[in-house]
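Residues 6 to 631 (this note's numbering) make up the sequence shown, in order. First up is the structure itself, then whatever we jot down about it.
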Amino acid sequence: MENKTNTNIDTKKSPLTRVRKPYHTGQSSKPTKMAAKKIGTTNKRTSTTYKNPKKNIVPGDNRKTVKIPDSDNIRIIPLGGFEEVGKNMIAVEYKNDILVFDAGVQFTSEESTPGIDYILPNTRYLEERKDKIKGIIITHGHLDHIGGIPFIMERIGNPTLYGSYLTTLMIKKRMEEFPQKPKVNYVEVEAGEKIKLGDLKVKFFPVTHSIPGSLGSSIETPQGNIVITGDVKLEHEDGIPSDKELKTWGDLSKDNNLLLIADSTNVEKPGYSMPEKIVYDSIEQIIKNTKGRLIIGTFASQFERLIKIIAIAEKYGKKIVLEGRGIKTNIEIAKISKLFVPKDGTIIQSNDIESYPADRIVILATGSQGEEFAALMRMSIKQHKNIFLNQRDTVVLSSSIIPGNEISVRRLEDNLYRHDLKIIHYRVADVHSTGHGNAQELAWINTQIGAKFFMPGYGHHSMLKVHAEIAKSIGVPAENIIVPDNGNLVEIDKNNKIKVLKEKAPVGLMMVDGFSIGDMQEVVIRDRQNLAQDGIFVVIATLDLSTGKLRKSPDIISRGFIYLRESKELLKQARHITKQTVEGTSQKMKPIDFDIVKKEVTDNVARYLFQTTNKKPMVIPVILGV
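Shown next as structure tokens:
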């Protein structure tokens, strides 16, 4: 499929023309497998306003920078996932109640954030209002939606978590890695269930994604329902939604829907996403026909695909080897949750591989993104203790390349090809399908919900803008579409007018850095980047306080900048500049201000090093007075 942005939705071929009903009449449009008929009637719609109403500050309240909502206003606060893919979190605030949806992490790269483990949503807005939080609703069990839970729960008052059975099971498994954290309270919910949290009611509905137990939410408010899809795609055949999808979204279309917040991750891809059934059929043919060992690299979070691969292997009498902690953990969760029960003897250990013919072995491995210490990478560089690749092996990379991982995946493929084996990937065979809907699917969902207002989410700003254009093309008025940034305060008043306030919730990056969690200052990241790029240059000088002269020639320590043995002239000049600067500056002072002396040394030495090498190492002067 050609990967390009397409905002021109063909309403003649698919049921995408947005069917609207009079807003408060309760009328509904019955979803069918035929194209929806375009109706000529239109509704009067309120325009978006950016006017900032008078602040309503509670006396003694410490939240001076962000006003509290007016009593009848509904406030939606995107706290993460609206300028990036990852760290998803949305808050819905009404009167004395706040509902939080998801608490994910964003994965980092050494290039952009060296030394940082994860990036979290900024929760300061919630921390200041923790008494109002009635619960955290988790849409599904992927880390970009649950990964932040161990780090933020204490900060926001440890509210109760709500999610499906599998989702809560995955959270519990993750929390086992943090035994020092307070106990988390869980409530399991099911699709079709409705619960009351404070004065708000939440109805859960099933959504199709790459993991079972995924739920969307519909929050009932006096003005209408707020529908949050979570990550979503459609189960379809040749662009025609399945009966299951027709029922789910058809039932929702009968509600008084005020606002739709929908997944935008794959919106830049036209048409419909590949059905997972096609992937299963393709993988089955590979498992059936491969002569020799088969190694399949995939995401550990692809529960249904992992289960299906094991079932196919059993069908053809193959043995399964699980490699990678993530896959082992999730298969264990799948067994506990009764998603599947493998036959006795199907799953074997890697040290038992030699006991079976090569063509009876299927290895499921983590590391399809080229992660340095993952199982597949260790196999590729001959560092796995039990699995040694050879030219009779076949490797299937059952995943697409996550943006930012291109270099690491290329390195993995290069390493694999050095074994003269066969590689099958998504560019040459149907071995991977996304868990996110393409443009046509998202437009169909929008049409079914028929909400007055639309807010694209879960993606980079460019993705959200493309999603907004698609919404316009199916009949959503431009003034009823909000494309927010993280931290924007979006309010809907009792007259059903929507506005974006001038104030913003705090959005500074919250980073997990070892055991440290907090608002990491930009200068720290910049220093790490500079150290990684140009190294460090330390100058140590001993100053005689009685004479204002150096006791000896300065010592120099350099790491990651130059090779000292081949840079004698540079070192000589750096020592000379240091001596001149220290003596020239200190002799003019009574008493000596060492901070000023060090600053002068830093500036002069750094200037010389840049002029000589065109590099900017971090210069650290150490001036000792004796």
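C-beta atoms are modelled at their ideal positions from N, C-alpha and C, and glycine is treated no differently.
Residue i versus residue j: straight-line alpha-carbon distance, rounded
i: Thr-583; j: Thr-618; result: 18 Å
i: Ser-278; j: Tyr-568; result: 53 Å
i: Asn-500; j: Met-382; result: 57 Å
i: Leu-125; j: Ile-231; result: 24 Å
i: Leu-263; j: Phe-378; result: 47 Å
i: Glu-309; j: Ser-219; result: 12 Å
i: Asp-268; j: Ile-353; result: 39 Å
i: Ile-3; j: Gly-221; result: The structure shown does not extend to residue 3, since the chain spans only 6 to 631, so no value can be given for it.
i: Arg-531; j: Asn-101; result: 41 Å
i: Leu-84; j: Glu-273; result: 23 Å
i: Leu-426; j: Arg-298; result: 10 Å
i: Ala-634; j: Asp-122; result: No statement about residue 634 is possible, as the shown extent of the chain runs from 6 to 631 and does not include it.
i: Ser-413; j: Ile-386; result: 13 Å
i: Pro-36; j: Phe-106; result: Residue confidence is low: Pro-36 scores 39 on pLDDT, short of 50, so the model does not pin down where it sits. Its coordinate-derived value is still stated next. Taking the straight line from one Cα to the other gives about 28 Å.
i: Val-481; j: Lys-323; result: 52 Å
i: Gly-235; j: Gly-86; result: 11 Å
i: Ile-151; j: His-430; result: 29 Å
i: Ile-157; j: Arg-129; result: 10 Å
i: Ala-611; j: Asn-535; result: 13 Å
i: Ile-561; j: Asn-127; result: 41 Å
i: Val-495; j: Asp-435; result: 41 Å
i: Val-433; j: Val-471; result: 28 Å
i: Lys-293; j: Asp-364; result: 10 Å
i: Tyr-28; j: Glu-88; result: Residue confidence is low: Tyr-28 scores 36 on pLDDT, short of 50, so the model does not pin down where it sits. Its coordinate-derived value is still stated next. Cα to Cα, the separation comes out at about 31 Å.
i: Pro-217; j: Leu-171; result: 7 Å
i: Ile-79; j: Lys-137; result: 14 Å
i: Leu-555; j: Phe-542; result: 19 Å
i: Ile-475; j: Gln-307; result: 29 Å
i: Leu-469; j: Glu-319; result: 43 Å
i: Tyr-422; j: Gly-375; result: 14 Å
i: Gly-229; j: Asp-349; result: 52 Å
Beta strand (DSSP E) segment containing residue i, residue limits
i: Asn-230; result: 229-233
i: Asp-102; result: 102-106
i: Ile-541; result: 541-549
i: Gly-140; result: 138-142
Beta-bridge partners of residue i, as assigned by DSSP
i: Ser-355; result: Beta-bridge pairing links Ser-355 to no other residue.
i: Phe-210; result: Gly-221
i: Tyr-99; result: Ile-79, Asp-102
i: Asp-560; result: Ile-545
i: Glu-242; result: Ile-245
i: Val-627; result: Ile-545
i: His-430; result: Leu-402
i: Met-94; result: Gly-85
i: Gly-302; result: Ala-370, Leu-402
i: Asn-262; result: Asn-230
i: Ile-200; result: Val-207
i: Phe-112; result: Tyr-123
i: Ile-325; result: Ile-352, Val-367
i: Ala-267; result: Pro-461
i: Lys-509; result: Asn-493
i: Lys-554; result: Asp-549
CB contact below 8 Å: residue i versus chain C
i: Thr-173; result: The chain labelled as chain C is not found in the depicted structure, where only one protein chain is given.
Boundaries of the alpha helix (DSSP H) in which residue i is found, first to last residue
i: His-581; result: 573-591
i: Ile-283; result: 281-294
i: Val-606; result: 599-618
i: Thr-334; result: 330-341
i: Ile-312; result: 308-320
i: Arg-134; result: It is not in any alpha helix (DSSP H) - Arg-134 carries neither H nor E in the DSSP assignment.
Contact belief for residue i with residue j at Cβ below 8 Å, rounded distance in angstroms
i: Phe-183; j: Glu-198; result: With a Cβ gap of about 29 Å, Phe-183 and Glu-198 do not count as contacting.
i: Ile-301; j: Ile-200; result: In fact, because the Cβ distance is near 39 Å, the residues do not count as touching under 8 Å.
i: Pro-622; j: Val-544; result: About 11 Å; that fails the 8 Å criterion.
i: Asn-139; j: Leu-104; result: Checking the sequence, you will find Lys at residue 139 rather than Asn. So it is a contact: roughly 6 Å between Cβ atoms.
i: Phe-599; j: Gly-630; result: 7 Å
i: Leu-205; j: Thr-226; result: 7 Å
Fully enclosed by the segment 363-421, which alpha helix (DSSP H) runs are 4 residues long or longer?
380-385
Could you tell me which whole alpha helix (DSSP H) segments of length 4 or greater appear in the segment 150-196?
154-157, 170-180
What residue ranges within the segment 440-499 form continuous alpha helix (DSSP H) runs of no fewer than 4 residues, ordered along the chain?
444-454, 466-478
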